[in-house]
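Since the structure comes first, as structure tokens, the remarks are kept for the end.
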Amino acid sequence: MPDRPNVADPGRIIAHRGASHVAPENSLKAIRAAARQGVWWVEFDVSLLGDGTPVIHHDATLDRCTDASGPLLDITASELDRIDYGRGEQIPTLDQALDLVEELGMFANLEMKPHLQSLGRMAEIVAKALEQRHWARQRVQTSSFSLGELDALRALMPGHSIAALFTQPPENWPEILDRMQAAALHVQFRHLSTSLIDAARRRQIDIRTYTINDPGAVQPFRDAGLTGVITDHPPYFLDDHEWKRWSGT
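Using the working numbering, the letters of the sequence shown map in sequence onto residues 37 to 285.
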């Protein structure tokens, strides 16, 4: 990988759930693959097990991504070693994922997934994990669709970098971001517009879009001032000279 960017680097190309095009999503293998592909930023999802253990997993159930089935909240950390996450991988804990991010010298966008039964607990558990790692203050940003969890995290971690995550931002998104002192706005690609980019940039808010794997489709938005893309396959962007230069790699 090239020399590490400045800690203030906003994250131009971010590997979605790790390099999930070539490795099981949200696995340690996917994080390592993203590093090998040449990106500095990796995005992954944090959910809770029944015993409160934070793990890297997107869904409320085990069915889609593992060889097991049933609600994630029905299992505990002691049962993780019997569940196959694909290609011999296990569901990582948040501690394991953060330790690997530190080892690789990467940056992380940690998305909190407070499934219904774990609402109200996620922010406290994530804050505890991040506060144990001094480096996380400068190299981890936390996002979520749950504004309540982001508000709770802001109260627990006044200086932490937060990104508000929306499918389609509501009309009052500027007030929401101001309230939680968010550093970034993440929006689904089909709801991205140049006017939204302009509004975010005027407020000095980073704006990224997810999940996009076509550099051509997002090119006009990059030219309009888009901060970054969240993609399953970073090489689609890094293999193009202009996108590679844009990303600072």
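Beta carbons are placed, not taken as given, at the ideal position from N, Cα and C, and that holds for glycine.
Are the region 50-67 and the region 124-143 touching, with three or more C-beta to C-beta distances below 8 Å?
Counting C-beta pairs closer than 8 Å gives three or more between the region 50-67 and the region 124-143, which meets the contact rule.
If you run the structure through DSSP and keep just helix, strand and coil, what is Asn-42?
Its pLDDT being 45, under 50, Asn-42 is placed unreliably by the model, and the measurement read from it follows with that caveat. Coil.
Less than 8 Å separating the beta-carbons of Leu-108 and Thr-97?
Yes. Within cutoff.
Contact check, Glu-147 vs Leu-201, beta carbons under 8 Å:
Cβ distance < 8 Å, so Glu-147 and Leu-201 count as in contact.
Select from Tyr-246, Leu-213, Thr-247 and His-227 the residue whose C-alpha is nearest the C-alpha of Gln-240.
Ranking the options by Cα distance to Gln-240, first place goes to Leu-213.
Relative to the C-alpha of Gly-252, which candidate in Gln-174, Trp-279 and Arg-48 has its C-alpha closest?
Minimum Cα distance to Gly-252 is reached at Trp-279.
Given this structure, state the Cα-to-Cα distance separating Val-137 from Val-78, to the nearest angstrom.
Spanning the two alpha carbons is a distance of roughly 8 Å.
Considering only residues of the same chain and omitting the five flanking positions on each side of Trp-282, which have a CB-CB separation below 7 Å?
Excluding residues up to 5 positions away in sequence, Arg-48 and Arg-258 lie with their Cβ nearer than 7 Å to the Cβ of Trp-282 in the same chain.
Using a 10 Å radius around the Cβ and a threshold of 16 neighbouring Cβ atoms, would you call Asn-145 buried or exposed?
Buried: at least 16 other Cβ atoms inside 10 Å.
Between which two residues does the alpha helix (DSSP H) holding Gln-255 run?
Counting along the chain, the alpha helix (DSSP H) containing Gln-255 begins and ends at 251-260.
Give the DSSP-derived three-state secondary structure of Tyr-272 in the structure shown.
In the structure shown, Tyr-272 sits in a helix (DSSP, three-state: H, G or I).
Extract the residue ranges of the beta strand (DSSP E) inside the region 135-161, only unbroken runs of 3 or more that lie entirely within it.
For the region 135-161, the continuous beta strand (DSSP E) assignments of 3+ residues that do not extend past its boundaries occur at 143-148, in sequence order.
Identify which residue in His-94, Leu-274, Ile-243 and Asn-62 has its Cα closest to the Cα of Pro-205.
Nearest C-alpha to Pro-205: Ile-243.
Mind checking Asp-99: buried by the 16 CB within 10 Å criterion, or exposed?
Flag for Asp-99 reads exposed.
Reducing DSSP to helix, strand and coil, say where Thr-112 ends up.
It is coil, neither helix nor strand.
Asn-62 and Asp-87 closer than 8 Å at C-beta
Taking 8 Å as the Cβ cut-off, Asn-62 and Asp-87 do not qualify as a contacting pair.
Mind reading off the beta-carbon distance from Glu-185 to Pro-150? Whole number of angstroms is fine, and I expect it under 8 Å.
Confirmed, about 5 Å.
Length of the line joining the Cα atoms of Ala-191 and Ala-163
In a straight line, the C-alpha of Ala-191 is about 10 Å away from that of Ala-163.
Have a look at Leu-116, Pro-90 and Thr-112 and flag the residue whose alpha-carbon is nearest the alpha-carbon of Leu-134.
Closest by C-alpha distance to Leu-134, out of Leu-116, Pro-90 and Thr-112, is Pro-90.
Based on Cα-Cα distance, which residue from Gln-132, Asp-117 and Arg-173 lies nearest to Ile-92?
Nearest to Ile-92 by C-alpha distance, out of Gln-132, Asp-117 and Arg-173, is Gln-132.
State buried or exposed for Gly-106, treating a residue as buried only when at least 16 other CB atoms are found within 10 Å of its CB.
Exposed is the label assigned to Gly-106, since fewer than 16 other Cβ atoms lie within 10 Å of its Cβ.
If we ignore side chains and look at the alpha-carbon of each, how far apart do Asp-95 and Arg-238 end up?
About 35 Å.
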